[in-house]
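Since the structure comes first, as structure tokens, the remarks are kept for the end.
In full-length UniProt numbering, the protein residues as written are 1 to 250.
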């Protein structure tokens, strides 16, 4: 007769799993955004050992949108990026004006590379033409501790809200190009935008500068376009992940 030894967990491991299950049921399941599911996979992978913590610095150089969403009446869009680290704004791009078919790509280049560490939220907005209104094109949240590749691609079904937005093409995806240093990456000339893409670098527009996450901890009364409500679940999940990571590195 073969004897199979029982699986033995330490008290800390048991508490980890219990707390994770409760948190998943209470916070992640009701929302079900792709970023929340991603963070649940982070937890699961870290607890099981399938994901190793990445402690290397990551510098973001390029964000490429493959497939142009249809946010204008004649097609195309006017996207700009806002990047948050630990819910604090760290980068705002210019406004890209794209008048092309849905198979066009947009490359937003950041030079020198932007150092990212920890919980990262990236939002792409469409600025309406001659209107003080912005629309969310896509939103994605990830943690650098789980990023091990210098090229990361998120498909439409991995982007919050976008996965159910018919204006974003089904084959559309967003690509991130990282490196381990701020210096310009050589051999990336093919990523340059074509003549159908123009850029307005006037980021002083209040609509562009407005950051609805700056006072996140003060409560949802600071929200103006529903951003806090949309992101609260992911923020809670990422906060739990930060606590877990800190407990493993002290």
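Cβ coordinates follow ideal geometry from the N, Cα and C atoms, glycine included.
When burial is assigned at 16 or more other CB atoms within 10 Å of the CB, is residue 119 buried or exposed? buried
| Out of curiosity, what's the CA-to-CA distance linking residue 194 and residue 49? | 44 Å
Original post:
Any idea if residue 131 is buried or exposed, counting beta-carbon neighbours within 10 angstroms, 16 or more meaning buried?
Top reply: exposed
Please list the terminal residues of the continuous beta strand (DSSP E) segment that includes residue 134.
134-143
- Return the chain-ordered list of same chain residues with a C-beta closer than 6 Å to the C-beta of residue 182, the five sequence neighbours on each side being excluded. 59, 112, 113
Closest residue to residue 69 among 116, 180, 172, 192 (Cα-Cα distance): 172
Please report the straight-line C-alpha distance between residue 261 and residue 168, rounded to a whole angstrom.
As displayed, the chain neither begins before 1 nor continues past 250, which places residue 261 out of reach and without an answer.
Since residue 129 contacts residue 78 with CB under 8 Å, what's their CB separation in whole angstroms?
7 Å
At least 3 beta-carbon pairs within less than 8 Å: the segment 160-167 vs the segment 134-144: yes
Check: Would you call the CB atoms of residue 71 and residue 95 closer than 8 Å?
Finding: no
Selected residue, minimal CA-CA separation from residue 144, among 158, 125, 178, 74 | 178
Which residues mark the beginning and the end of the beta strand (DSSP E) in which residue 85 is found?
-> 79-85
Item checked: Close beta carbons around residue 33, own chain, < 6 Å, minus the five adjacent residues each side -> 160
Margin query: Which of the three DSSP states is assigned to residue 75 in this structure?
Written below: coil
Requested in this report: Could you spell out the range, first to last residue, of the beta strand (DSSP E) harbouring residue 35?
Outcome: Residue 35 -> not in any beta strand (DSSP E); alpha helix (DSSP H) instead, spanning 34-48.
- Query: How many whole angstroms separate the CB atoms of residue 61 and residue 109, which I take to be in contact at a CB cut-off of 8 Å?
  - Reply: 7 Å
| task | Taking only the alpha-carbon atoms, compute the straight-line gap between residue 55 and residue 85 and give it to the nearest angstrom. | result | 16 Å
Practice item. Would you mind giving the Cβ-Cβ distance between residue 64 and residue 175, rounded to the nearest angstrom? I have them listed as a contact below 8 Å. Key: 4 Å
> Can residue 142 and residue 38 be called in contact, C-beta distance under 8 Å?
Replying inline: yes
Q: Have a look at residue 90 and residue 82 and give me their C-alpha separation to the nearest angstrom.
A: 8 Å
**Prompt:** Secondary structure at residue 148, three-state DSSP: helix, strand or coil?
**Reply:** coil
Q | With 16 other Cβ atoms within 10 Å as the buried cut-off, status of residue 93 | A | buried
Rounded straight-line distance, which links the Cα of residue 57 to that of residue 116: 7 Å
### Message
Below 8 Å on the Cβ atoms is my contact criterion, and I expect residue 254 with residue 207 to pass it. Report the Cβ-Cβ distance as a whole number of Å.
### Response
In the structure as shown, the chain starts at 1 and stops at 250, and residue 254 therefore has no counterpart that could be examined.
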